[in-house]
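Visitor: Under our numbering, read the sequence shown as residues 13 to 241, first letter to last. From the three backbone atoms N, C-alpha and C, an ideal C-beta is built for every residue, glycine too. Have a look at this one before I ask anything.
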Amino acid sequence: MIAFFSLHSTFYSPLFLAYLLVGPVAWVIIAYLMIVGRERMSKLRHSKSPLPVNPPLVSILIPAKDEAGHIRACIERVLQQDYPAFEVIAINDRSIDTTGSVLDDFVGRGSPHHLSQNAVDSDGGDEPHATKTLRVVHVTELPAGWLGKCHALDVGGKHAKGEWLFFVDSNVKLQPDALSKMAALAIERNYDAMSITTTIETEYVVEKMMLPLLAATWATMFAADQTNE
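As structure tokens, this is what we get:
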């Protein structure tokens, strides 16, 4: 490729000179807003809010579509939560891979996490809930007018017995105290809803540089910290 351009017209144009003057200032302001916005957000890992003596039952809903490579790790981490009373409802949303069989295997083989055959709900029936159980719901059709994930959560929500609903994406890995800290903070502050930002796992240098920056830019653009007001 051959490029031919005028140095004078490029590097000394009014637009370029304006950027030299305004650009650095704009980036400093953006960086400041990112830092301030992040500091305004509650740090869940630093939360000291105590759980009540009898915390409410929480229904953890995990929608999954073609997530065979991630769903096992997600479920295992969810079942390790130290919160005393929760049920897990995993929704297999029309997967064409082995997501459904992976979920069924969790219940079929039993588990040290109080899993029970009675918790499986493959045919739409309703069983009594218990603490720390896993229920699998298989969605085979998407009704007209619905988006897949929204429909899967709606289906799962109809089976939920908890006072709180906790939505978890199938590629998320929770720390053991995540649910306890979140529930304690929500109850203490009398919240009706909470949204959690996660730590992004990266492998390559470019990902480590760009993904956190993109996430911070998104949070700044949409003033995520203002949701606490």
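Give me the DSSP bridge partner(s) of W176.
Guide: V70
Visitor: Could you give the distance in angstroms between the alpha-carbon of V213 and the alpha-carbon of K220?
Guide: For clarity, residue 213 is Glu in the given sequence; the question names Val instead. Taking the straight line joining both Cα atoms gives about 8 Å.
Visitor: Could you check what DSSP says for R147 in three-state terms: helix, strand or coil?
Guide: strand
Visitor: Please say whether V180 and I47 have beta carbons closer to each other than 8 Å?
Guide: no
Visitor: If P67 and A97 are in contact, beta carbons under 8 Å, what's the gap, nearest whole angstrom?
Guide: 6 Å
Visitor: What do you get for L115, buried or exposed, if any count of 16 or more other CB atoms within 10 angstroms of its CB means buried?
Guide: buried
Visitor: I need the boundaries of the alpha helix (DSSP H) containing D166, first residue and last residue.
Guide: First-last of the alpha helix (DSSP H) with D166: 160-171.
Visitor: So is R57 buried or exposed if we call it buried at 16+ other beta carbons inside 10 Å?
Guide: exposed
Visitor: Is the beta carbon of P224 closer than 8 Å to that of Q92?
Guide: No, they are not a contact pair.
Visitor: Can you tell me whether D94 is buried or exposed, with buried defined as 16 or more other CB within 10 angstroms of its CB?
Guide: exposed
Visitor: Could you name the residues that DSSP lists as bridge partners for N104?
Guide: A76, H150
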